[in-house]
Structure formats: C-alpha cells, structure tokens
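FYI, full-length UniProt numbering numbers position 827 of the sequence shown as 827, with every residue one higher than the one before it.
Single-structure report; data block below.
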Amino acid sequence: MIRTKYFSLYTTSIYCALMLFISSCQIASKSSNSAKQSLKENFKNPPHEVRPQAWWWWLQTPTSKEAITRDLEEMKAKGLSGCMVLDGGVGPFGPHKWKKKTIIDTTEIRYEITDEYKGGSLRQPNDKMEMWSKPWRDMVRFASLEAGRLELDFGVFIGPAGCAAPWVTPNYGQQELVWGELSVEGGNLINQEFPKPKLPVQTKRQRENQTVKDAQNAFYNEIAILALPDKKTPSINEIINITDKLDEKGHLNWNVPKGHWRIIRFGYRPTGRNLGGVFYIDHLSKEAFDLHWQKTVGTLLKEMSPEERKAFKYVECDSWEAGDPNWTKHFSKEFKNRRGYDIIKYLPALVGVNIESDETTEHFLNDFRLTISDLISENHYGRQQEVAHEHKLESYAEAAGPHQYQADLKKCVSKCDVAMGEFWMPSPHREKPSGRFLVREAATAAHTYGIKKVFAESFTSVGPNWEVAPFQMKAAADQAFCDGLNWICFHTFSHRPSVNVMPGLTHSAGTHFDRTNTWWNQSMPFVDYLSRCSYMLQQGLFVADVLFYNGHGLRSGADAFEWKDGMKNPPESLGEGYDYDKCNEDVLLHRLEFKKDKLVLPDGMNYRVLVIDEKTPVSLKALKKIVNLVEQGATVVGKIETSMLGNTDDFNEYQNLIKRIWGNIEKGEHHIGKGKFVWNKSIRDVLQSKNILPDFECTGLSDAGVIDFIHRKTEDTDIYYVASKWQPVEKVSCSFRVSNKQPELWNPVTGETRHLTNFKVENGQTIIPMEFGPSSSYFVVFKEPISIQNSVSNWPIFKIIQRIEGSWNLSFDKNWGGPESVVFPNLIDWTKHENSGIKYYSGSATYRKTFDMVTLNENQQLYLDLGKVHELARVKLNGVDLGITWSKPYRINITSHVKAKGNTLEIEVVNLWPNRLIGDAFLQEEEQFTKTNIRKFTKATRLLPSGLIGPVQILTTETN
1 MIRTKYFSLY
11 TTSIYCALML
21 FISSCQIASK
31 SSNSAKQSLK
41 ENFKNPPHEV
51 RPQAWWWWLQ
61 TPTSKEAITR
71 DLEEMKAKGL
81 SGCMVLDGGV
91 GPFGPHKWKK
101 KTIIDTTEIR
111 YEITDEYKGG
121 SLRQPNDKME
131 MWSKPWRDMV
141 RFASLEAGRL
151 ELDFGVFIGP
161 AGCAAPWVTP
171 NYGQQELVWG
181 ELSVEGGNLI
191 NQEFPKPKLP
201 VQTKRQRENQ
211 TVKDAQNAFY
221 NEIAILALPD
231 KKTPSINEII
241 NITDKLDEKG
251 HLNWNVPKGH
261 WRIIRFGYRP
271 TGRNLGGVFY
281 IDHLSKEAFD
291 LHWQKTVGTL
301 LKEMSPEERK
311 AFKYVECDSW
321 EAGDPNWTKH
331 FSKEFKNRRG
341 YDIIKYLPAL
351 VGVNIESDET
361 TEHFLNDFRL
371 TISDLISENH
381 YGRQQEVAHE
391 HKLESYAEAA
401 GPHQYQADLK
411 KCVSKCDVAM
421 GEFWMPSPHR
431 EKPSGRFLVR
441 EAATAAHTYG
451 IKKVFAESFT
461 SVGPNWEVAP
471 FQMKAAADQA
481 FCDGLNWICF
491 HTFSHRPSVN
501 VMPGLTHSAG
511 THFDRTNTWW
521 NQSMPFVDYL
531 SRCSYMLQQG
541 LFVADVLFYN
551 GHGLRSGADA
561 FEWKDGMKNP
571 PESLGEGYDY
581 DKCNEDVLLH
591 RLEFKKDKLV
601 LPDGMNYRVL
611 VIDEKTPVSL
621 KALKKIVNLV
631 EQGATVVGKI
641 ETSMLGNTDD
651 FNEYQNLIKR
661 IWGNIEKGEH
671 HIGKGKFVWN
681 KSIRDVLQSK
691 NILPDFECTG
701 LSDAGVIDFI
711 HRKTEDTDIY
721 YVASKWQPVE
731 KVSCSFRVSN
741 KQPELWNPVT
751 GETRHLTNFK
761 VENGQTIIPM
771 EFGPSSSYFV
781 VFKEPISIQN
791 SVSNWPIFKI
801 IQRIEGSWNL
811 SFDKNWGGPE
821 SVVFPNLIDW
831 TKHENSGIKY
841 YSGSATYRKT
851 FDMVTLNENQ
861 QLYLDLGKVH
871 ELARVKLNGV
881 DLGITWSKPY
891 RINITSHVKA
901 KGNTLEIEVV
911 NLWPNRLIGD
921 AFLQEEEQFT
931 KTNIRKFTKA
941 TRLLPSGLIG
951 PVQILTTETN
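Shown next, in the form of structure tokens:
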C-alpha cells in the first residue's frame, strides 16, 4: 500500500508538471502571437510616441489665440505627436539664395544657375513680438494649454543656433583668449605702459560689425603676464609669472634679468560672436547656462499653471553655429582639476612657443583641447539635461554637429535624452549629400550610449519654397532612415498669425509643412509612412559588425558641407554590406567589454571587430584598454599612427606598448592573450576570415541604381529596411544574413504586410528576388519559421485590361481663380491650358467621369493606375473614398468597389503653390489671390507641371 501510494503521488506530480509545461507553452505561444500581432498592428497604426513632431516656427510677430489653436488642431488632425516652439523671425534667406534652382531627375540631382527669380523679395513684418517677452510667454503658455487639451506633446526652444539671447552681456558671452607682447632687453628696471590686448578684426562679418567688436573689447579680464627668454625652446622653469608687476595704471614695473626677453600679456574677452546683434552665451560656463535658463525657461515655468504644464515635455537647443570659444572665467581651475597641473606657464604654447620640447608642447595642446571639449559637453549639454530633469522635463539638443569641431560630439549627445541630428532636402545651399545628411553621428552615439531615439530636424532647405511634395521628400527621408534616424521632426511648420491668408507669413528656410500647404489635407498618409518607419526602426537594437574607435572625435576646421561622417560612409577597407558604429574614448573605457567572442555594450549592442579609425589620435588610457580587450579575445584591425597624450601620461610606457604590438610592421598580425591585432589586411577580409558574411547584399542593380539598408534585431525578429534611392525600377536579388525564417514584406507606404514565398536559403543567408519601384522602400521582416516557399514571383505582373479615355468634367475652386466647371476633352497639364485661371491655378481640382467595365472577372484583383500625377490624388469610386496616393506608382486597389456598369469615378488632384504665385506676379497687388512675405516667383519663373496627366488605366495582376 505504501508503494502504491508513492507511485500515485509520483504519477500525479508528473501529470501536473506535464500540464504546467503544456500550459506554459500555450501561454508562450499566445505571448509570441500577441507580440507579433502587436508589432503588425503598431506598424499599421503607429502609436503616438513614434509619430513626427514639428518645429513650430513663430515669426517674432504678434499673433492670436485663434491662430494658435488652428495650428495645433491641424497638427493633431494630420497625425503629428507634438511640436516645439522656436522663434527667429522670417529668416534672412532671401534673393541672394535664389540664384540657383534644384533639378531632381530620376537618377541625379543637379543645380542650375537661373535668373528666374530675379526681382524676388523677402518682406519682413512691420511689427514684432520679441522671443521671451511677457506677451510672447503668455502666448506660449496658451499654446501649451491647448496642446494639453489636444494630447499633443509640447516643447520650447531655449535659443537659436547654440543659445543666443538678448540678455547676454559681455561677461556671460562667449570668451576668447587674447594676448599682447613686449620685447625688452634685460639688465635694467623697466617702467612702461603695457596696453590690454584687443580682439583682431579678421573676417568680413567682423569688419561689418566693428561697433559690436569695439563694445566687446571694452570688457577685458586678466589671466597672466609671463616673461620668457627669447629663444627657440624655453624650459618651463625659465618662464616667469610677472602678473604682480603690472600696476593699476597699466604700467609694467619689473627689474628684468639679463638677456633678451619676450613678455606676453594674456587675457580674455568676449568673442563678439552674435546672431543679428544677439550674443551667444558662454558654452564653457555652467554659471552662464544657469543664468540663461533663469531668463528663459525658468521664468516661463514660474508663470505656468499645472494645466499649462501638462503638455510641456521638453526643451531643445539648436545646432552649434556659435563659433570657437576657447576660454571661460574658471578655465584655469577647470584645467588643473581635469589635467592635473597648472596651465599658466604653458600659455605661451597657445601662441606658437615651443615649451620644453615638441612632445611636451603637443601634449599640452592636447590637454587644452580636451578641456574645452569637456567643458562644452558638461557645462552646456550636461547642465541643460541636469536643469531640465530638475523640472521634470526632457533635454533635447542638436549636439551631433555639424559645425562643432571643438567638442567630442558623441559625449555631447550622451548628455541628451534623445540623440539629435539634422538632414536637408536638396538645395543650392547644400549641394552635396555629405552636407545634407547629418544623422549618422547622432545615430552612432545613440547606439553606443544606449539612447533609444534618434531624432532629427528633418527636410531642412534654403532655396526651394513650396516646390516639393511628399514624394520628393521620401528619398531624403529614406536616406536618413538608413543612416540611423528613427524619429522625424518637420522643419518647418511656420505659425501663421492669420487663419485665412494664403500661403501667408512664413519662415524662409525649411520645407514648408503646415496648414497652408496646397496638399496639407492630403498629407496624413505621408505622416503615416514616416511614423511606420520610425516605429519599426525603434524596435530592438541596431545590427553592426564593426566598431570603429575614433577617440575624442575632435576635428580640425570641420565644415558641414564636407562632413562625410554625417552620413553612412564605409571606408573602402570595409566596403558595402556591413554596417558599423563609431565610439569615443568614454565608451571605450567605461562601457565596452569582451564577452562570448563579441565586443559588447551594457545595453546589448555587440560587434565582431574593433577598428582603430584611420589617423585617430589614441591616448595611453585608450591603448591600454584596447590591449586589455585583445588579451580577452578581441580582434583589433589597424594600427596607431598618432598619439593623444597629455603632459601627465608616461610617454615611454606608450612607446613601449606601440613597439610591442606593431614592432614588426611586415608581419601584419600580432597575438596577445586570446586575441590579436591585425594590420595590412582589409576589414572585410578580417570579417570573412571569421566566416562573417555581409549582412546585406544586392546584385543586379542598374548602372545608376543605389539600394541602401539598415538592420534592427529584437530577441526573436530581424527587421531590415531596404530603400532604392532613385526612380528607375530595379529588379534585383537581395541577400539577408538570416536563415530558417519566413521572409515577410511590410510596406510602410500602405501599412500592408505579406509573405514572400520565392526565396532560397544558402550558407546562412536568405536570398530573395525583389523589385523596387521609383524611390520605393520596404521592411523585410524575419520572425516565424518557414511555412511557405515556392517559385511563384514575389511581385505580381500588372497587365492593362482597360484604358479610361475621353473627356473629363473638372471643378476648380473659384476663390483661387479656377472655373467651377470645365470639360477637358483629354487629360493635359494645367499649365498648357488657354484659360489663365487654370494655367496659373494652385490647389485642388476634382476630375469626374462615369465608365463601364469592358470585362469583370470576380477572381481578378483590379487596380486603378493614374499614370503621371502632379502631385497627390484622392480617389473615390462609386461614392467610396479609396484613399490618397502620394508616391509613384499612383495606383489604388479598386477590386471591392468596381461594378460592371455605371462606375462613378472622382479623382481629386492637388498641385503646388508656385503657379498661383507666378500668376499673381502679372496682377496688381489688390487683384492677387495670394499674400505672403516670400515673393520669390516672378513673371519669368517657369510654371510647374500640374494636374492629372495620365494615362488612367485599369490593371489586373498575373503571377508567374
């Protein structure tokens, strides 16, 4: 009986365990299905937090609560998640920027000199409402209250182009080291006047602003007066501090030792750097930032009620355009705390004096540069984050450049709650891609510092005005997404003080994206596309095989227009198909480890090899950490060509390490511990020697074809975004470094998802035949085990079964000069019409037609193809709104709504503003339909093609 009872309990336990296991499997299965469903559902209908924001550009002019409410309600209606108020007036970008025009062809972008805009003007408003004034703050408070009512997120911009503000006095402005010299013969007592050094007037801007420069020269602070023997390389002990020998009247009284002496007076003054007469704050000073906060956001917060605070989520600082400060009030103290020695006697090295030796001087200059970098990142960006968090706000900043080269940009980004860069539309102001795409530095900082969101001032431009539609914006967005962007901020949504004037008062820079756009009411599908991309690209972690070490990232005279690090730009040694990140010394020393055959970061990012970026100066601390990683098993590619030593580093230790590793240059490989250093071998070869295949490959491209990619990975899902840059159709073979998972195609334009069935798996790769339409892009998602695989084409073949020809009835808006009703015998470009109301029309017009189907097969999928459209179209069939098409091919599925006889078709088409603005140039001002401050378009400007050009056809699909 005892044995029987024991057996019964045992079997009961087994049964319970089995049931528990089955139940847990069912729960896990449901959880997996739920996660997949959530991913798909959120892709189709992206959540609030991934939807675009907008730079809500106020124009330093009085406004109304009605206009504020109208703007915010329109943002909400079009699917934005929020906005940030910034204010800088209508901007300076007028006729001097309109000497070229942008031509976007199917396979290239070019810029042509033109006189089409000669005679254009940029009109400034007559009255002003100054940023941060009491009337301005009151309107911002109301805007925040309204944003809360509408459940929009709200932010405020704390200062343009690096924080310039009217309250900034010389003692809180940017500071610069200045010096003056005397040459004296020793052996006697001198008593002579030693004038204060002055800032040199060098640039054209400074010469034009001489009054400002004089005002800055009136403010001067002493640092030190140093005497040194006038010889090639004085020792530090030969330099004498004689600051106390200067009396109150500015006379130097000193008993000079024998010899020829060079006396240098060092001080600092404000740089005079300003934005339209408004000075930049001292970015090296925590004290200056605190006062700036107190005068701006601090004052606003004190006035805001809890209800007004509800939507207020963040503050933002714009990109660095503030020049090159190199001193601050407490610089000497900060230098000693950070570098471990006194700076004063080394100051002559800053004016070209070699002290002790070439090496000692170089090491001091390194220490000086690093101190500036530390102070900018900590006392500006870091302090902004600290103060923002104290007030339960997030801190945003365009800390990733492009004009800043004095600071470690990645470290600056690490002090922000989102990583932020910028990207531009093509314009004559930024002709080269390397000057337009400035996202990569922010993205790589985000990946290496564990920041989820990579935000960007998006679609910026100078030159084009109302000349682009969403389809032209798509290629720029796709490039930025492939560079690492995963959250959009439109630049710009100009705030219009009027609710009925069109296109109204507006900022002169940025791609116009606001309620006065001709295509504003058709813009939500474009917003949805951007939101879907942002959602997917925020999932999981970025996938990269290579981590480049680029030290402190300090650059010499960096120019935004030539800054290739701003976009994905793999070196020839790596080539295409592998992705990478770059890390700084901070990440290398404090975040990077080697575990399980990979270089890993605390947030889960991992890499297979570490590369010493070409010509990157490397410090002793960094070199020792790199050796430590190799000892644990890491592979490091490259060799050190330049040191980044300070005056407290052991030079001999550094040289011995270099000799130990790279002593035999011919060898090309050196093992230390479990790992190795490799040089004289390409990064690609090193990866492939480890059997690491390219993450993505594409073959079969046309000569002009460019297809880019980015890869994100969650615990169980691989997400690739692949995008074709140009408009010709590409039929290619794409290889993804994923195996034994079903590929799915997720279309960000439509939100549709489907299986790809024609593929093969070889050598750890899934190879898929793919087709890309004009500037098209897709997510290829791998999550589930392979369930369906065949030879049927992944892309349907479209066959024309009917042309919709003959006349069309059109209706235009008479308020914009068009006829209420007109018949087009056939489809033509509006600008070719003899009626001037149509020729110069801007806005929406509706085409109407009734047609019968020639044949109707219930088993067919039917599509309405609109052919050529300028620029967007909404389709209604038999009273059913089938949606808006904004990108090529302009095609909509009509299967469920077409009938054999009597189909009523309505196509609402919208073009752009320039044609009406050109037409108005022929009219007296009182007769003009438009009112705006940007009068760029003249009688000589070429009209833009407009309307439905066609041919309009019904297509069906075939498979092969």
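Glycine is no exception: its CB is placed at the ideal position from the N, C-alpha and C atoms.
The model shown is predicted, which means the values in this text are computed figures rather than measured ones.
Q: Run through the region 616-688 for me and flag every whole alpha helix (DSSP H) of 4 or more residues, listed as ranges in chain order.
A: Within the region 616-688, the complete alpha helix (DSSP H) runs of at least 4 residues are 620-632 and 651-662.
Q) Identify the residues that DSSP records as bridge partners of Glu-181: which are they? A) Counting from 1 along the sequence shown, the entry for residue 181 is found at position 181. Within the DSSP secondary-structure output, Glu-181 pairs in a beta bridge with Ile-264.
Q | Residues that Thr-107 bridges to, as DSSP identifies them | A | The sequence position of residue 107 within the sequence shown is 107, counting from 1. Thr-107 is not bridged by DSSP to any residue.
Q) From Phe-142 to Phe-312, what distance separates their C-alpha atoms? A) Taking the sequence shown and counting its residues from 1, the one referred to as residue 142 is at position 142. Taking the sequence shown and counting its residues from 1, the one referred to as residue 312 is at position 312. Rounded to the nearest whole angstrom, the CA to CA distance from Phe-142 to Phe-312 is 11 Å.
Q | Val-761 - DSSP class collapsed to helix/strand/coil | A | Position 761 of the sequence shown holds residue 761. In the structure shown, Val-761 sits in a strand (DSSP, three-state: E or B).
Q.
On a Cα-Cα basis, can you pick out the residue from Leu-701, Gly-646 and Ala-634 that is closest to Lys-621?
A. Within the sequence shown, residue 621 is the residue found at index 621, counting from 1. The option with the nearest alpha carbon to Lys-621 is Gly-646.
Q) What residue range is occupied by the uninterrupted alpha helix (DSSP H) comprising Asp-71? A) By one-based count along the sequence shown, residue 71 stands at place 71. From DSSP, the alpha helix (DSSP H) with Asp-71 extends over 65-77.
Q. How long is the line joining the alpha carbons of Glu-359 and Ala-227, rounded to whole angstroms?
A. Residue numbering aside, residue 359 sits at position 359 when the sequence shown is read from its first letter. Residue numbering aside, residue 227 sits at position 227 when the sequence shown is read from its first letter. In a straight line, the C-alpha of Glu-359 is about 22 Å away from that of Ala-227.
Q: Can you have a look at Leu-955 and say buried or exposed, based on whether 16 or more other CB atoms are within 10 angstroms of its CB?
A: Position 955 of the sequence shown, counted from the start, is the residue given in the question as residue 955. With 16 or more other Cβ atoms within 10 Å, it is buried.
**Q.** Rounded straight-line distance, which links the Cα of Gln-655 to that of residue 965
**A.** Coverage of the chain is limited to positions 1 through 960, which leaves residue 965 absent and any answer about it impossible.
Q) Got a sec? Which residues, its chain only, sit under 6 Å from Arg-515 by beta carbon, not counting five neighbours each side? A) Counting from 1 along the sequence shown, the entry for residue 515 is found at position 515. If we look at Arg-515 and ignore the five residues flanking it on each side, its Cβ neighbours are Glu-74.
Q) With contact counted as at least three CB pairs below 8 Å, one residue from each stretch, are the region 273-290 and the region 232-250 in contact? A) Per the Cβ contact rule, the region 273-290 is not in contact with the region 232-250 (fewer than 3 Cβ pairs under 8 Å).
Q. Between which two residues does the beta strand (DSSP E) carrying residue 961 extend?
A. Any property of residue 961 remains undetermined from this structure, which presents the chain solely from 1 to 960.
**Q.** Selection from Gln-860, Phe-471 and Glu-925 that minimises the alpha carbon distance to Lys-799
**A.** Start at 1 with the first residue of the sequence shown, and residue 799 comes out as number 799. Measuring C-alpha to C-alpha distances from Lys-799 to each of Gln-860, Phe-471 and Glu-925 identifies Gln-860 as the nearest.
Q: Please state whether DSSP places Cys-412 in a helix, a strand or coil.
A: On the sequence shown, residue 412 is found 412 positions in, with the first residue counted as 1. Helix.
Q) What three-state label does DSSP hand Asn-893 in the structure shown? A) Within the sequence shown, residue 893 is the residue found at index 893, counting from 1. Strand at Asn-893.
Q. How about Glu-362: is its C-beta nearer than 8 Å to some C-beta of chain B?
A. Among the chains of the structure shown, chain B does not appear; only one protein chain is present.
Q) Leaving out the 5 sequence neighbours to the left and right, which residues in its chain are closer than 8 Å to Pro-728 when beta-carbon positions are compared? A) Numbered from 1 along the sequence shown, position 728 holds the residue referred to as residue 728. Excluding positions up to five away in sequence, the list reads Thr-106, Thr-107, Ser-702, Ala-704, Gly-705 and Pro-774.
Q. Can you round the beta-carbon distance between Gly-818 and Phe-812 to whole angstroms, since I take them to be within the 8 Å contact cut?
A. Your numbering for residue 818 matches position 818 in the sequence shown. Your numbering for residue 812 matches position 812 in the sequence shown. 2 Å between Cβ atoms; contact.
Q: Taking Gln-192 as part of the alpha helix (DSSP H), name the residues at either end of that continuous run.
A: As a first step, residue 192 must be located in the sequence shown, where it is residue number 192. No alpha helix (DSSP H) contains Gln-192, which is instead part of the beta strand (DSSP E) from 189-193.
Q | C-alpha distance - Glu-316 paired with Ala-388, whole-angstrom precision | A | Counted from its first residue, the sequence shown places residue 316 at position 316. Counted from its first residue, the sequence shown places residue 388 at position 388. Cα to Cα, Glu-316 sits roughly 10 Å from Ala-388.
Q) Can you check whether the CB of Ile-344 is closer than 8 Å to the CB of Ser-357? A) Within the sequence shown, numbered from 1, the residue matching residue 357 stands at position 357. Within the sequence shown, numbered from 1, the residue matching residue 344 stands at position 344. When the beta-carbon positions are compared, Ser-357 and Ile-344 stay at least 8 Å from each other.
Q: Check the C-beta distance from Ile-719 over to Gly-540 and give it rounded, since I have them as a contact under 8 Å.
A: Taking the first residue of the sequence shown as 1, we reach residue 719 at position 719. Taking the first residue of the sequence shown as 1, we reach residue 540 at position 540. Beta-carbon to beta-carbon, Ile-719 and Gly-540 are separated by about 7 Å, close enough to satisfy the 8 Å threshold.
Q: Kindly list the residues whose CB is nearer than 6 Å to the CB of Ile-488, restricted to its own chain and excluding five residues on each side of it in sequence; keep chain order.
A: Residue mapping note: residue 488 aligns to position 488 of the sequence shown, counting from 1. Cβ within range, chain order: Pro-52, Ser-458 and Leu-530.
(Q) Considering only the alpha carbon of each residue, which of Val-587, Asp-695, Ser-523 and Ala-509 lies closest to Gly-575? (A) To locate residue 575, count along the sequence shown from 1; it is residue 575. That would be Asp-695, whose Cα lies nearest to the Cα of Gly-575.
Q) Going by Cα to Cα distance, which pick from Val-869, Tyr-863, Leu-905 and Lys-196 is closest to Asn-809? A) Against the sequence shown, residue 809 aligns to sequence position 809. Selected option, being the one with the closest Cα: Leu-905.
**Q.** DSSP three-state assignment for Thr-941, whether helix, strand or coil
**A.** If you number the sequence shown from 1, residue 941 lands on position 941. The answer is coil: DSSP assigns Thr-941 none of H, G, I, E or B.
Q | Residue(s) in a DSSP beta bridge with His-251 | A | Reading the sequence shown from its first residue, position 251 is the one you call residue 251. Paired residues: Glu-193.
Q. Is it the case that the Cβ atoms of Gly-401 and Leu-438 are separated by a distance below 8 Å?
A. Translated into the one-based positions of the sequence shown, residue 401 becomes position 401. Translated into the one-based positions of the sequence shown, residue 438 becomes position 438. Yes, these two residues count as a Cβ contact at 8 Å.
**Q.** CB contact flag (Thr-492, Gly-504, <8 Å)
**A.** Numbered from its first residue, the sequence shown carries residue 492 at position 492. Numbered from its first residue, the sequence shown carries residue 504 at position 504. No. Outside cutoff.
**Q.** Where Ala-349 sits in the DSSP three-state scheme
**A.** Residue numbering aside, residue 349 sits at position 349 when the sequence shown is read from its first letter. Assignment of Ala-349 by DSSP, reduced to helix, strand and coil, places it in the helix class.
(Q) Can you look up Phe-455 in the DSSP assignment and give me helix, strand or coil? (A) Looking up residue 455 in the sequence shown gives position 455. In this structure, DSSP gives Phe-455 an extended state, which the three-state scheme calls strand.
Q) What separation, rounded to the nearest whole angstrom, lies between the Cα atoms of Pro-570 and Lys-245? A) Numbered from 1 along the sequence shown, position 570 holds the residue referred to as residue 570. Numbered from 1 along the sequence shown, position 245 holds the residue referred to as residue 245. Taking the CA atoms as reference points, Pro-570 sits about 57 Å from Lys-245.
Q.
Tell me whether the region 872-879 and the region 427-447 touch, counting them as touching only if at least three CB pairs, one residue from each stretch, are closer than 8 Å.
A. Judged by Cβ distances under 8 Å, the region 872-879 makes no contact with the region 427-447, as fewer than three pairs qualify.
Q) Gly-382 by DSSP, collapsed to three states: which one? A) The sequence position of residue 382 within the sequence shown is 382, counting from 1. Helix.
(Q) Between the alpha carbons of Ala-349 and Pro-617, how many angstroms are there, rounded? (A) For the purposes of this step, residue 349 is identified with residue 349 of the sequence shown, where counting begins at 1. For the purposes of this step, residue 617 is identified with residue 617 of the sequence shown, where counting begins at 1. So the two alpha carbons sit approximately 20 Å from each other.
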